[in-house]
Amino acid sequence: MILFDVDQTLLYSGGAGSLAMRRAFHQLYGIDDAFRRVEYSGRTDIAILRDAMRQSGLLASPEAASDGRRASRLADFPSELARFQETYYRYLESTLREVDGGRTMPGVPELLAALSARDGARQGLATGNFRRAAFMKLRHFGLDGYLADGGFGDDAEDRGELVAIAIRRLADGAKVDPASVWVVGDTMLDIEAARANGARVLAVATGSTPAEALRTAGADLVLADLSDREAVLAALLG
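To convert, note that position 26 of the sequence shown is 27 in the working numbering; the numbers rise steadily by one, no gaps.
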């Protein structure tokens, strides 16, 4: 079983996702710079949105909520999440067409096609993107036909949990040896999530994390990208 991250691993959206988030947030709450101090890399969309809402004063901090103060100026986070998602998806559809520089990462279409042709090779997603957003991005770059299910940013806020969900979904009731699962990603959080589930990690230095940092974090294999198809297939299927 092979679980792929999306952003900076399979594709680069040209910033379409973050731009759509900013536009959706501004439309709903009238705030322009809500994501200015929010860390995106490797995190789930729910965690990113929650941070933006807290930093904008729309949600109380965990400390404030725990001492009995009012946790939010809004009705509740789940209902705001649903409202944000629908607005975000509308903007994402347009920003994917609008931004320049979006592309698939080197070797990705060829690798996914090769894996799809191999009997017994199950490939899916373990991404912090909301499910619908993940497939909007994949479809825009012609990759949606290779990946049908997995774990997504609206399944869990913690990345380790969404990897566990992805494994269960792709296993479809079958018993899976965690050591037979590979997580392919570009961040420290991909590595941590894989390790939390006993899975192995192929890390690619196609994002903002240097190869040496990925090695130090404990990835089983670190590559510059996925362009050496035969080497990648040998590692993942060997």
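Cβ coordinates follow ideal geometry from the N, Cα and C atoms, glycine included.
Count the other CB atoms, across all protein chains shown, that sit within 10 Å of the CB of residue i; report buried if there are 16 or more and exposed otherwise.
i      : result
Asp34  : exposed
Ser14  : buried
Glu81  : buried
Asp8   : buried
Phe5   : buried
Leu238 : exposed
Thr217 : exposed
Lys176 : exposed
Asp187 : buried
Arg70  : Confidence in Arg70 is poor, its pLDDT being 49 and thus under 50, which makes the residue's placement unreliable; the coordinate value appears in the next sentence. So Arg70 ends up on the exposed side.
Arg119 : exposed
Leaving aside the five residues before and after residue i along the sequence, list all residues of the same chain whose C-beta is less than 7 Å from its C-beta, in chain order.
i      : result
Leu116 : Ile3, Ala122 and Gln124
Ala236 : Leu203 and Leu222
Ser209 : Ser42
Which residue marks the beginning of the alpha helix (DSSP H) containing residue i, and which one marks its end?
i      : result
Ile1   : Nothing can be reported for residue 1: it is not among the residues displayed for the chain, which extend from 2 to 239.
Leu227 : Here Leu227 belongs to no alpha helix (DSSP H), and DSSP marks it neither H nor E.
Val109 : Val109 to Ser117
Gly103 : It is not in any alpha helix (DSSP H) - Gly103 carries neither H nor E in the DSSP assignment.
Gly18  : Ala17 to Tyr30
Using only the alpha-carbon positions, how far apart do residue i and residue j sit?
i      : j      : result
Tyr1   : Asp46  : Given a span of 2 to 239 for the chain in the structure shown, any question on residue 1 remains unanswerable.
Thr96  : Asp77  : 28 Å
Gly154 : Glu231 : 31 Å
Phe26  : Gly151 : 27 Å
Trp183 : Gly58  : 39 Å
Ser181 : Ala200 : 7 Å
Arg145 : Arg23  : Residue 145 is actually Asp in this sequence, not Arg. Looking at the two C-alpha atoms, the distance is approximately 25 Å.
Ala86  : Glu94  : Reading off the sequence, residue 86 comes out as Gln, not Ala. Distance between the alpha carbons of Gln86 and Glu94 is about 12 Å.
Ala134 : Tyr90  : 7 Å
Ser73  : Leu234 : Bear in mind that a pLDDT of 44 at Ser73, under 50, signals an unreliable position, so the number given afterwards is only what the model happens to contain. About 48 Å.
Val164 : Ala172 : 12 Å
Tyr92  : Arg196 : 35 Å
Could you name the residues of the same chain whose beta carbon sits closer than 8 Å to that of residue i, not counting the 5 residues immediately before and after it, in chain order?
i      : result
Val100 : Ser14, Gly15, Gly16, Ala17 and Leu20
Leu12  : Gly103, Arg104, Thr105, Met106, Val109, Lys138, Leu139, Phe142 and Leu144
Ala114 : Tyr147
Note down, in chain order, each residue of its chain lying with its Cβ closer than 6 Å to the Cβ of residue i, except the 5 sequence neighbours on either side.
i      : result
Ala220 : Ile192, Val202 and Ala204
Glu111 : Arg230
Could you give the first and the last residue of the continuous beta strand (DSSP E) run that contains residue i?
i      : result
Gln124 : Gln124 to Ala127
Would the beta-carbon of residue i be found less than 6 Å away from any heavy atom of the ligand ATP?
i     : result
Asp34 : Because no ligand of any kind appears in the structure shown, any question about the ligand ATP cannot be addressed here.
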